[in-house]
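Below: the structure, in structure tokens.
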Amino acid sequence: MAGPRKTRSSTTGKADLGTEITASLVVFLVALPLCIGVAVASGVPAELGIISGVVGGLVVGAVRGSTLQVSGPAAGLAALVAETVLEHGVAMLGVIVLFSGVLQIVLGLVKLGRVFQAISLAVVQGMLAGIGLPLMFSQLYPMSDAKAPGTPFENIAGVPGLLAGVAADPQAMIAAGLGVVTIVLSFVWKKAPGPVKKIPAALVAVGIGIAVAALPGVDVKTLQVGNLADAVDVPGPGQFAGLADAGIITAILTFTVIASAESLFTAAAVDRMHTGPRTRYNTELIAQGAGNTVAGILGALPVTAVVARSSANVQAGARTRISRTLHGLWLLAFALLLPQVLALIPISVLAGVLVHSGWKLFAPEEFPKMWRQDRGEFAVMALTTLVITATALLEGVLIGLAAGVVLAALRMSQAVVRQHIDDDTARVVMAGNATFLRLPRLIEALEQAAAAGKPRIRLDLLGVTHLDHACRTQIDEFVAQQRGAGLRVELLMPDLTGAGAKVPEVKVPDLSDPQPAPGPSAEWFYLDTRPPLGDDSPSPTPR
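Below is the structure:
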């Protein structure tokens, strides 16, 4: 049996190598226009996008974190990078990316990779939508060879004027037409017949754009590409001195959180696409950190995992890390050996690729889906999207997280407070999770019971599954106050510790005792000693 096993393993290995090489070429063809397009959208030279793509392949791809996930410059960070470059300059980008990478490595070493999985799905989808919506509208302008006005709302408001300008300029119409063709191809190319659909739609659009741009009388803007080595900008002492600026520290933290979250969210999505080895989250976070450290040293764009490249890798049949590593090698070879080809690519085509990416990030179909499933989560998702669009990525994510926590707290505080007045007793019954969020309703019920003017008050909390410090303190103070006023107060409490409550100097009367009730000065305390949930033993009778 040993012989056949060895033969099968060897044959499979050869077949896998061919598949891995083919898959790496497919990923390379998808990554090339995206690397360049993300760089242009980020306001940096196109060469920096290629450098980050190479780092994502050769550095991140070589680490055993995720088997099939592919990393590089991501459209999701384009707006953040553009804002950072505008505020601090391209020279400071390397320092920010470098220290973000170092911080990611630290987070991975202390095993915090799984923490990012605890973020609400509504916040994640809201974050992606908040990235995608501004990206779409910002890229409509370069898609028409125009300059974007500025903020997301200014870009949205300027669309009618942009359309009027395009209609009046034949060259702008050609550029916009190339962008529209790119977007349409991106949506419908998968339906193409036969093996043709295996060619990436972005590559087909680039080919069409190059052909149209070469026609006589066509004057559309094309890429300005220089030498990769000349684009490398290693941070110096002047850039490192910028670490004393609070704005730089904030940018480092923002890049770290967003890049880490996007990478690990993508890892979870990619793991659902295949049946191979699962992602090692802490190792993958270290890998992403190593990639960003190298990218920062080179002064390039931040590196994150990217869904488009990763899904292309899975669909191409990749099974190992070879494909994602090789794609970085193909990017490097192409940029070094055929840089003149890059200068033929119309910018409007790359902008069209990013408009499509923005639409996929925005995912408008997720909003009605979330509305039907959970309207509370829908509110968190919509709020996150709107705040990111109106302010910035970090503020939107933080507010979204806060909204998610508040929603969870409200739902965990599902408590019912009922009130009933008998002949001589004011009763208050409470069930559920008694937390500070339900304190106003509890206080109202207690005040109404006291105002009823009955000689006895009965507080039944046997249905309470959780009693926090605020509610317990309020109840204790109310009981002490009413007893001090001469009323009889009966307090029925569950054993929330599961070990039995110890109540010193408290008399627990027998409910079956036919004797008359004690006088107004006596203290009644009913203690429920039922076993904790999951224990099938009979409940003892209080005495």
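In this note's numbering, the protein residues as written are 853 to 1395.
All C-beta atoms in this analysis are idealised placements derived from N, C-alpha and C, irrespective of residue type, glycine included.
What you are looking at is a predicted structure, and each value in this text was computed from that prediction instead of being measured.
For residue i, which of helix, strand or coil comes out of DSSP?
i: arginine 1130; result: coil
i: glutamate 1229; result: helix
i: proline 1191; result: helix
i: isoleucine 971; result: coil
i: alanine 1283; result: strand
i: leucine 1363; result: Confidence at leucine 1363 is low in this model, with a pLDDT of 36, below 50, so its placement is unreliable and the value that follows should be read with caution. Residue state, collapsed to three classes: coil.
i: proline 925; result: coil
i: serine 1198; result: Serine is not the amino acid found at residue 1198; the sequence shown has proline there. Proline 1198: strand per DSSP, three-state reduction.
i: arginine 1290; result: helix
i: glutamate 1342; result: strand
i: arginine 966; result: helix
i: isoleucine 1273; result: strand
i: isoleucine 1309; result: strand
i: leucine 1150; result: coil
i: arginine 1210; result: The amino acid at residue 1210 is misidentified as arginine; the sequence shows glycine. Helix at glycine 1210.
i: glycine 1088; result: coil
i: threonine 919; result: coil
Under 8 angstroms Cβ to Cβ from residue i, same chain only, skipping five residues before and after it: list those, please.
i: valine 892; result: Ala898, Gly901, Pro994, Leu1075, Ile1199, Leu1202, Ala1203
i: valine 1086; result: Gly946, Ile1149, Leu1150, Gly1151
i: proline 1129; result: Thr919
Exposed or buried, which one is residue i when buried takes at least 16 other CB atoms within 10 Å?
i: aspartate 997; result: buried
i: arginine 1310; result: buried
i: glycine 1317; result: The question names glycine, but residue 1317 is threonine in the sequence shown. Classification of threonine 1317: exposed, given that the 10 Å Cβ count is below 16.
i: glutamate 872; result: buried
i: histidine 1179; result: buried
i: methionine 1233; result: buried
i: proline 1154; result: buried
i: alanine 1020; result: exposed
i: glutamate 1229; result: buried
i: isoleucine 983; result: buried
i: aspartate 1312; result: buried
i: glycine 909; result: buried
i: valine 827; result: What is shown of the chain runs 853 to 1395, which leaves residue 827 out entirely.
i: glutamate 1457; result: Since the first residue of the chain shown is 853 and the last is 1395, residue 1457 is not available in this structure.
i: glutamine 1333; result: exposed
i: threonine 1325; result: exposed
i: alanine 1267; result: buried
i: threonine 1127; result: exposed
i: methionine 1264; result: exposed
i: asparagine 1079; result: exposed
i: histidine 1208; result: buried
Sorted by chain position, which residues of the same chain lie with C-beta nearer than 6 angstroms to residue i's C-beta, five sequence neighbours on each side aside?
i: isoleucine 1104; result: Ile948, Phe951, Ser952
i: glutamate 1329; result: none
i: valine 1077; result: Ala898, Pro1191, Leu1194, Ala1195
i: arginine 1132; result: Gly917
i: alanine 914; result: Thr1177
i: asparagine 1134; result: Gly960, Lys963, Gly965
i: glycine 905; result: Ala883, Cys887, Gly924, Leu1183
i: alanine 974; result: Glu1229, Val1232, Met1233
8 angstroms is my cut-off, CB to CB: does residue i come that close to chain B?
i: serine 972; result: Reference to chain B is not applicable here, since this structure consists of a single protein chain.
Would you please state the rounded distance, in angstroms, between the beta carbons of residue i and residue j? I believe it to be under 8 angstroms.
i: leucine 945; j: glycine 1094; result: With a Cβ gap of about 11 angstroms, leucine 945 and glycine 1094 do not count as contacting.
i: arginine 1308; j: threonine 1277; result: 5 angstroms
i: tryptophan 1211; j: serine 876; result: Actually they do not touch by this definition, with Cβ atoms about 27 angstroms apart.
i: isoleucine 1258; j: valine 1269; result: Checking the sequence shown, residue 1258 turns out to be valine, not isoleucine. Between valine 1269 and valine 1258 the Cβ distance is about 21 angstroms, and since that is not below 8 angstroms, they are no contact.
i: cysteine 1323; j: leucine 1343; result: No, cysteine 1323 and leucine 1343 are not in contact; Cβ-Cβ is about 13 angstroms, not under 8 angstroms.
By Cβ distance below 7 angstroms, which residues in the same chain neighbour residue i in space, the five residues on each side in sequence not counted?
i: alanine 1083; result: Pro897, Glu899, Leu900, Ile903
Per the contact definition of three or more C-beta pairs closer than 8 angstroms, is the segment 920-929 in contact with the segment 1123-1141? yes
Is there contact here, the segment 873-891 with the segment 1048-1055, by at least three beta-carbon pairs under 8 angstroms? yes
Is there contact here, the segment 959-977 with the segment 999-1009, by at least three beta-carbon pairs under 8 angstroms? no
Would you say the segment 1026-1046 touches the segment 1216-1229, given that touching needs at least three Cβ pairs under 8 angstroms? no
Three-pair Cβ contact test at 8 angstroms for the segment 1017-1035 versus the segment 1237-1248: no
Using 8 angstroms as the cut-off, can you tell me whether the segment 927-944 makes contact with the segment 1105-1113, which would need three or more C-beta pairs spanning the two stretches below that distance? yes
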